[in-house]
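At position 93 of the sequence shown the residue is numbered 93 (the UniProt record's numbering), and the sequence of numbers has no breaks. Think of the CB as a built atom: it goes at the ideal place given N, C-alpha and C, for glycine as much as any other residue. All of these numbers come straight from a predicted model, not from anything done at the bench. Comments concern the structure below.
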Amino acid sequence: MHFGNGGAYTREAESMMYIAEIIDHFDLVAIQEVNENLAALETLFRDHLGSGWDYIVTDTTEGSKGNSERLAFAFRKSKVWFRREAGEIVLPTGQKIVEPGRASDAGDAAVGRDDDHADGVQFARTPFSVAFQSGWFKFKLCTVHIFYGNASETSPEMAHRREEIRRIADFLAARQSKEQKVQGKAANFVLLGDFNIVSPEHHTMQALEGAGFVIPEAIKNAPTSLSGKHHYDQIAFRLADDRFSLLRSGVFSMFDVIYRNEDSDHYLDHVWGTVFDRNSDGNLRTRDQKENYYRRYYRKHQMSDHKLLWCEIQTDFSKDYLNAVLAGG
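Shown next as structure tokens:
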């Protein structure tokens, strides 16, 4: 969502209030594409969400692929507790991602291989994992923004995209299995974010589900791109706690209620004045071009270029606890 100094635009106060209103309907929110300048994020919490909320944010990811992005979690302090464990995931040697044109870890021949990078590379944008608790439910929440690149089905970049998904899913699946032996029902992992998954049937989705992560059907089958064509974003679960219950889930299409198509005349004629009049080259836009700019660019820059995923989970396990006590457990 380019939250901060990215994308060469600034969010209006109206949009900041809409974003705060959406966040305030939930208790724990993952925010993608937070930029280097944190002033906008700080304003969101200080002026709109208030002292009942807090957030955790990563450092910026270096390199051209990282785009100086951060990942963040916002949480309502009365409902969600930070369990004082957080980290950015770095793959160990032997599990790194093979870049397009390099050898795979299965021993395939490399093209233009640099021996200094024979073991592969890290994620373009480092995944962020944080331990939380809500009610009786303990879990680790990991957010990602997976590499995109060339969207052609046969491109090396598409292979790289799938490999990033597979690596993070396999890494967390192994970690969850290991922690379950020690922590029992507390070893619950939720993996979410922008995976740049093409469709439920696509090999990018198979890379996520192949590691044993389960995606709610209401999320898996609903596209999150504004075009309605792609299923980029997902929320996936790999759980140890048999008391867990998913109550509801879905996709929120914000432009059905704010910055609607039918609102374009209002913004073009009465709100922002001449902001739509000229394009980036300084040439005057026609009325149709202004409408197109509002629908395709302005409103997604003000809010987000993806629809929003959400889910509601059961975190009160007191009934199970009391039944165990009565049963002498």
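Backbone secondary structure at residue i - three-state DSSP
{"i": "leucine 38", "result": "coil"}
{"i": "lysine 290", "result": "helix"}
{"i": "arginine 70", "result": "strand"}
{"i": "phenylalanine 171", "result": "helix"}
{"i": "valine 57", "result": "strand"}
{"i": "glutamine 264", "result": "Checking the sequence shown, residue 264 turns out to be serine, not glutamine. Correct three-state label for serine 264: helix."}
{"i": "arginine 285", "result": "coil"}
{"i": "isoleucine 230", "result": "Just to set this straight, residue 230 is histidine in the shown sequence, not isoleucine. Residue state, collapsed to three classes: coil."}
{"i": "glutamate 33", "result": "strand"}
{"i": "glutamate 164", "result": "helix"}
{"i": "phenylalanine 26", "result": "coil"}
{"i": "valine 275", "result": "helix"}
{"i": "alanine 151", "result": "coil"}
{"i": "leucine 308", "result": "strand"}
{"i": "glutamate 62", "result": "coil"}
{"i": "glycine 107", "result": "Summary for glycine 107: the model assigns pLDDT 40, below 50, so the residue's position carries little reliability; its value from the coordinates is reported in the next sentence. If DSSP states are grouped into helix, strand and coil, glycine 107 belongs with coil."}
{"i": "arginine 113", "result": "Confidence in arginine 113 is poor, its pLDDT being 37 and thus under 50, which makes the residue's placement unreliable; the coordinate value appears in the next sentence. Three-state DSSP puts arginine 113 in coil, outside helix and strand."}
{"i": "alanine 118", "result": "The pLDDT assigned to alanine 118 is 49, lower than 50, so where the model puts this residue is not dependable; a value taken from the coordinates is nonetheless given after this. Coil, per DSSP."}
Start and end residues, beta strand (DSSP E) containing residue i
{"i": "residue 331", "result": "Nothing can be reported for residue 331: it is not among the residues displayed for the chain, which extend from 1 to 329."}
{"i": "alanine 324", "result": "Here alanine 324 belongs to no beta strand (DSSP E); instead the alpha helix (DSSP H) covers 318 to 326."}
{"i": "residue 354", "result": "Outside the modelled stretch of the chain, which goes from 1 to 329, sits residue 354, for which no answer is possible."}
{"i": "lysine 140", "result": "137 to 145"}
{"i": "serine 245", "result": "245 to 252"}
{"i": "arginine 125", "result": "Unbroken run through arginine 125: none, as it is neither H nor E."}
{"i": "arginine 295", "result": "Careful: arginine 295 lies outside any beta strand (DSSP E) and carries neither H nor E."}
{"i": "phenylalanine 82", "result": "81 to 88"}
Residue i, enclosing alpha helix (DSSP H) - first and last residue
{"i": "isoleucine 22", "result": "13 to 23"}
{"i": "lysine 300", "result": "299 to 302"}
Pair within 8 Å by beta-carbon distance, residue i and residue j
{"i": "valine 57", "j": "arginine 70", "result": "yes"}
{"i": "leucine 141", "j": "phenylalanine 73", "result": "yes"}
{"i": "arginine 76", "j": "alanine 40", "result": "no"}
{"i": "phenylalanine 189", "j": "glutamate 164", "result": "no"}
{"i": "phenylalanine 128", "j": "glutamate 88", "result": "yes"}
{"i": "cysteine 311", "j": "serine 225", "result": "no"}
{"i": "phenylalanine 3", "j": "isoleucine 31", "result": "yes"}
{"i": "arginine 295", "j": "asparagine 261", "result": "yes"}
{"i": "tryptophan 81", "j": "serine 318", "result": "no"}
{"i": "arginine 83", "j": "phenylalanine 132", "result": "yes"}
{"i": "glutamine 183", "j": "serine 245", "result": "no"}
{"i": "valine 271", "j": "histidine 230", "result": "no"}
{"i": "tyrosine 232", "j": "histidine 160", "result": "no"}
{"i": "methionine 303", "j": "serine 15", "result": "yes"}
{"i": "tyrosine 297", "j": "arginine 285", "result": "no"}
{"i": "alanine 86", "j": "valine 29", "result": "no"}
{"i": "arginine 167", "j": "isoleucine 97", "result": "yes"}
{"i": "phenylalanine 276", "j": "glutamine 234", "result": "no"}
For residue j and residue i, believed in contact at Cβ under 8 Å, the rounded distance
{"i": "alanine 208", "j": "alanine 236", "result": "In the sequence on display, residue 208 carries leucine and not alanine. 6 Å between Cβ atoms; contact."}
{"i": "aspartate 24", "j": "serine 134", "result": "Going by Cβ atoms, the distance from aspartate 24 to serine 134 rounds to 16 Å, so no, they are not a contact pair."}
{"i": "phenylalanine 213", "j": "arginine 238", "result": "5 Å"}
{"i": "threonine 126", "j": "threonine 204", "result": "That belief does not hold up - the Cβ atoms of threonine 126 and threonine 204 are roughly 19 Å apart, past 8 Å."}
{"i": "leucine 309", "j": "valine 251", "result": "6 Å"}
{"i": "glutamate 179", "j": "alanine 187", "result": "4 Å"}
{"i": "glycine 193", "j": "valine 121", "result": "About 19 Å separates the two Cβ atoms, so there is no contact after all."}
{"i": "serine 68", "j": "glutamate 36", "result": "5 Å"}
{"i": "lysine 290", "j": "aspartate 241", "result": "No, lysine 290 and aspartate 241 are not in contact; Cβ-Cβ is about 52 Å, not under 8 Å."}
{"i": "lysine 181", "j": "proline 200", "result": "Not really, about 32 Å apart at Cβ, beyond 8 Å."}
{"i": "alanine 124", "j": "lysine 65", "result": "4 Å"}
Proximity test, Cβ basis, 8 Å: residue i and chain C
{"i": "valine 271", "result": "Judged by its chain identifiers, the structure shown contains no chain C, having just a single protein chain."}
Minimum length 4: unbroken alpha helix (DSSP H) runs contained in the stretch 176 to 227 | 203 to 209, 217 to 220
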